[in-house]
Every structure is written in C-alpha cells, then in structure tokens.
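S.K.: Sending over a structure as structure tokens; questions will come in a sec.
Protein chains in written order, with my numbering: chain A, 1152 to 1278; chain R, 1152 to 1278.
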C-alpha cells in the first residue's frame, strides 16, 4: 500500500477525489483490496476495442451514462449501475457526455489490455 | 457464475436490487469479479467485533451513514464514500439508522469472520 493511502481510518470520498483532476481517460487508483485496485476515471467519447485475457473487469457508474459495446451487443449503464466484463470478452466503452466511473480490477491491468495505442494510460497512478 | 447472473449485457442496478429485500444483516451477492464478489447489505445497529485474517474487505456506502469502529479509532462513511479494512484488523460496523452498503471481498468470506454468533449470515446468497 502506498504511503499516502496508509493513513488509517480516513474515508475515501469519491466525489472529492474527482475534484482533484479533470483529464479524461487516465485512471487514478484510490484504494487497494489485496491485489486488486479501485480506480476512478473520467471518460468521454470512444475507447478502443480491447479485452483483458487474464481477468474480469468491473465498471460502476458514479455519474453520467456509459455504454459498453460488445461485438454482439451493448449494455447501457447509468449512475448507480454496474457491470462486470468477463475476461477475454472484447469490449469498447463509450460515453456521449463525460461519465465518472469506478473500476475494480487486479493491480497491473492496463486500460487498453493488449490493444495499445494513444489511449493507453500510465498504470498505478494514485490520487 | 450463477445461471441467473449469466444473462449477458444487463446492467446491475443496485437500487433496484435493494428493492428485492428488506431484511438486515444478510448480504446478497449481485456480481462476481474473478473470485471476488460484490454483495449488497442493509445494516442497522451494532455488528460483532471480528476480523478477516486472510483478506482485506471493501465497504462502499450507497445510502445512509456507516461507522466502522476499530480497537483504536473509527471511521465515518457517508454515501459515496468507501474504506478498505485491512486483513487481520478487528472492526465492528455500526449504523444508527439503516445504511445500504456494497461490499467487495473474495468469495467464501463469512460476514463475521471467525467470530460466529447470531449475526453470521448464510454465505453466497444471490439476488
């Protein structure tokens, strides 16, 4: 666990964490649970098609509306809704307007899986 | 994954899931992420002191206010706030009024750890 998250007994306020940055597509780690991380991210527009061959990935929408496209369908998520993308399933997140997400996945997972490209964010950035 | 959660591409609406039950202290699984589970639970009043020697445990408050007592302090969590109790740390959740929580922890973790008692809930109940 990082030094700045080691303060015991402080609530993690997700809305306040979002006030600390405005850039999109760059997930920030807010907490760890064993070898899993909770990341917050703002996204708007189209992501790249990718999958995570080694892990499921959980999306919780905190504000706004997220669509996750699959090769054979899509799911629409509003605030207060969640979805777990199974490992190995190709998906492409999309948000017409900015959406605030909480992601849960194992430490070390890249946002673009193995797809690469300009959307690939630096990993393990804490806020 | 359970049959009733295997429908692809359906959002999990946490508020709607809470409308399906009113009893307190009985966590219900709403999703799995690898070998982790997302559980929703209503609690009100005092829980028992316990710890989970083998795992951290994440609490996200969806509605209401939760206090988690530790042997040497406490943390107060409001809606939109989260906290991860480190493995092996004794804690006792408390809610003066009913609070709705989302818990994330490995499959198989009992709500009372190894403390037992009447608050121990049947595990792996899906909703």
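Idealized CB from N, CA, C, for every residue including glycine.
Mind the definition here: the region 1247-1262 of chain A touches the region 1188-1205 of chain A only if three or more C-beta pairs lie below 8 Å; say whether that holds.
M.R.: Contact between the region 1247-1262 of chain A and the region 1188-1205 of chain A is present: 3 or more CB-CB pairs across the two stretches fall below 8 Å.
S.K.: Would you verify that the beta carbon of residue 1153(A) is, or is not, closer than 8 Å to some beta carbon of chain R?
M.R.: Note that residue 1153(A) has pLDDT 48, beneath the 50 cutoff, so the model's placement of it is unreliable and the number below is only indicative. Closer than 8 Å: no.
S.K.: Buried or exposed for residue 1160(A), please, with buried defined as at least 16 other CB atoms from any protein chain shown within 10 angstroms of its CB.
M.R.: exposed
S.K.: Cα separation between residue 1175(R) and residue 1271(A)?
M.R.: 43 Å
S.K.: Opposite residue 1187(R) in the DSSP bridges: which residues?
M.R.: 1184(R) and 1257(R)
S.K.: Let me confirm a value: residue 1181(R) is counted as buried when at least 16 other C-beta atoms fall within 10 Å, else exposed. Which label applies?
M.R.: Counting other Cβ atoms within 10 Å of its Cβ, residue 1181(R) reaches 16 or more and is therefore classed as buried.
S.K.: Who pairs with residue 1239(R) in a beta bridge, going by DSSP?
M.R.: DSSP lists no partner for residue 1239(R).
S.K.: Counting contacts by CB-CB distance shorter than 8 Å, is residue 1163(A) in contact with chain R?
M.R.: yes
S.K.: For residue 1167(A), report the span of its beta strand (DSSP E) as first-last.
M.R.: It is not in any beta strand (DSSP E) - residue 1167(A) instead sits in the alpha helix (DSSP H) that spans 1165-1169.
S.K.: With distance defined between alpha-carbon atoms, name the residue in 1177(R), 1205(R) and 1240(R) nearest to residue 1275(R).
M.R.: 1177(R)
S.K.: Just reading off the beta strand (DSSP E) that residue 1282(R) is part of, what are its end residues?
M.R.: No answer is possible for residue 1282(R): it lies beyond the span of chain R, which begins at 1152 and ends at 1278.
S.K.: Out of 1216(A), 1221(A), 1267(A) and 1260(A), state which residue places its alpha-carbon closest to the alpha-carbon of residue 1179(A).
M.R.: 1260(A)
S.K.: Decide if residue 1166(R) is buried, meaning its Cβ has at least 16 other Cβ atoms within 10 Å, or exposed.
M.R.: exposed
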